[in-house]
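Reviewing the structure listed below.
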Amino acid sequence: GGYVVHCPALKGCWSQGDTIEEASENIKEAIAGYLKTLNESAMYDVKSPDKAIIKEVAVV
């Protein structure tokens, strides 16, 4: 069991957790790491998905 989550605007940015809450926390860390890597490599190409369920999360 468990949950798999991803950020559709960031290709390949996935995470998981035993609960939806844990998965939500884990995707925040994944997004932060992804953006840090993109910033360091100066390559950023965001594409919006055609259909998606969107949830905002704070990344600090």
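Whatever position you read off the sequence shown (first residue = 1), add 110 for the numbering used here.
No residue lacks a Cβ here, since even glycine has one placed at the ideal position from N, Cα and C.
On a predicted model such as this, the values are computed, not experimentally measured, just so you know.
Fill in: Cutoff 7 Å; reference residue 123; Cβ partners in own chain excluding five residues on either side
Contacts found: 116, 117, 140, 141 and 144.
Worksheet item: Taking DSSP as the reference, what is the three-state secondary structure of residue 127?
Response: In the structure shown, residue 127 sits in a strand (DSSP, three-state: E or B).
Discussion item. Once the 5 residues before and after residue 134 are set aside, which same chain residues still bring their CB inside 8 Å of it?
Written reply: In its chain, beyond the 5 residues on either side, 115, 127, 165 and 167 have a beta carbon closer than 8 Å to the beta carbon of residue 134.
Discussion item. Quick check on this structure: which residue in 112, 113, 111 and 121 has the alpha carbon closest to the alpha carbon of residue 203?
Written reply: The structure shown has nothing for residue 203, since the chain only spans 111 to 170.
Practice prompt. Could you name the residues that DSSP lists as bridge partners for residue 115?
Written response: In the DSSP output, where bridge partners are listed per residue, residue 115 has 125.
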